[in-house]
Amino acid sequence: MTKRTKLFLFYFLLLLVSCYLFLSGVLNLSRTFLGLEVPIGSLLAWSILIFLPTVIFYGNKSIYNPVRKFHFYYRNILYFIIALAVLWLFIGYGFAGNWQFNFKEQEAFVGSSRAAACFLYLTIGIVVVPVLTGIALRIHTIVIGILNPS
1 MTKRTKLFLF YFLLLLVSCY LFLSGVLNLS RTFLGLEVPI GSLLAWSILI FLPTVIFYGN
61 KSIYNPVRKF HFYYRNILYF IIALAVLWLF IGYGFAGNWQ FNFKEQEAFV GSSRAAACFL
121 YLTIGIVVVP VLTGIALRIH TIVIGILNPS
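If you're matching positions, the sequence shown starts at 1 in the UniProt record's numbering and goes up one per residue.
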C-alpha cells in the first residue's frame, strides 16, 4: 500500500469517526477533551476543516504531482487553505477570546459580532475554496484536453 493510499484511508477513517461522533450525540460536545479547555465539538469541526482540503489535495494526482504550470497554482491555493485550516482553531480563539467561540455584542473587536462575522467568513472560505478549486481544476483540465489533444 502506497503512502498516498494510507494517508487517504487515514483521512477517510477520520471523517467517518468525526461524522459518527457528530451524529451520535453520545458525547456532550461542550465538554472539554482530555483536560484541555477546547470543547470536543471545536476539535471535531477543526478535524473536518483540515480533512476537506487535504482530501481534495491528495485526491487529485495532478495537484499532488503537478505536471503543468497551472497545476502548481491550484496546489499553492490548496496549500494555503490547508495552512488556514490547521490554524483555524487558534484564529477562532483570537477572534472569540475563548475556545467555545462564543461571541457577544460589545465594543471591543475580540468577541464582538464583527469578529463573529470575520470568523464565519473564514470558516466558509475554508470549506468553499477547496471545493471550487477542485471543480475549477476539472473544468480547466477538460478545456485544456479539448484545445490541446495529445
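Note that CB positions come from ideal geometry on N, CA and C, so glycine has one too. Computed from a predicted model, the values in this text were never measured in an experiment.
Check: Cut-off 7 Å between Cβ atoms - residues of its own chain near F103, not counting five sequence neighbours on either side; Outcome: A96, G111, S112, S113, A115 and A116
Check: Cβ-Cβ distance between I40 and T133 below 8 Å; Outcome: no
Check: Residue of T5, K6 and S42 minimising C-alpha distance to S18; Outcome: S42
Check: Inter-residue spacing [alpha-carbon to alpha-carbon] between W88 and I124; Outcome: 11 Å
Check: DSSP three-state assignment for V26, whether helix, strand or coil; Outcome: Model confidence at V26 stands at a pLDDT of 49, short of 50, so the residue's coordinates are unreliable; what they give is reported in the following sentence. Looking at V26 - three-state DSSP - the assignment turns out to be coil, as it is neither helix nor strand.
Check: P149 - DSSP class collapsed to helix/strand/coil; Outcome: coil
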